[in-house]
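Following my numbering, the numbering of the first sequence begins with 924 at its first residue and continues without gaps.
A virtual CB, placed ideally from N, CA and C, is assigned to each residue, including glycine.
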Amino acid sequence: MKNNFFEDVYEVVCLIPKGRVTSYGAIAKYLGSKMSARMVGWAMNAAHTRPEVPAHRVVNRSGLLTGKHHFGTPTAMQEALQAEGVQVVDDRVVNFKELFWDPQQELG
DNA sequence: ACACTGACCACTG
DNA sequence: CCAGTGGCCAGTG
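Okay, structure coming up:
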């Protein structure tokens, strides 16, 4: 695989603490100008090939579970989050602002 | 090489 | 709050 690209995204996603969430844009910023939020979303599509990647912890900038349709079932993402103690209502992370985990801030 | 798409984001009015 | 616009970069037909 020449796409290290994905590996960088996966690495950051795997670093997200349990019960916390982050956004595509935050990951993009952390990885640098080489990455854009759209690319992160695109990379997450390939995350299906990496079961170790907690893709459910990645939501859009408003805490909306935009990627839920890419999981096996429509409720898989929500249930995965709730299983970690993250409350989800109407496809949106409750208290998202508090649970938000910024890699740029937390890692360096 | 061209056009279109995509789990997005920020800015403007 | 909502709609429109531009940017981002790689994949696909």
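- G1008 and G942 have their C-alpha atoms some 6 Å from each other.
- Counting along the chain, Q1027 sits inside the alpha helix (DSSP H) bounded by residues 1026 to 1029.
- Comparing alpha-carbon positions, the option among M962, H979, K957, M967 lying closest to A1006 turns out to be H979.
- Distances from the alpha-carbon of V982 to those of G964, T972, D931 put G964 closest.
- Taken atom to atom, the span from the alpha-carbon of F928 to that of V935 is near 11 Å.
- Cα atoms of V1011 and A1003: separation of roughly 10 Å, rounded to the nearest angstrom.
- For R961, the enclosing alpha helix (DSSP H) covers residues 960 to 969.
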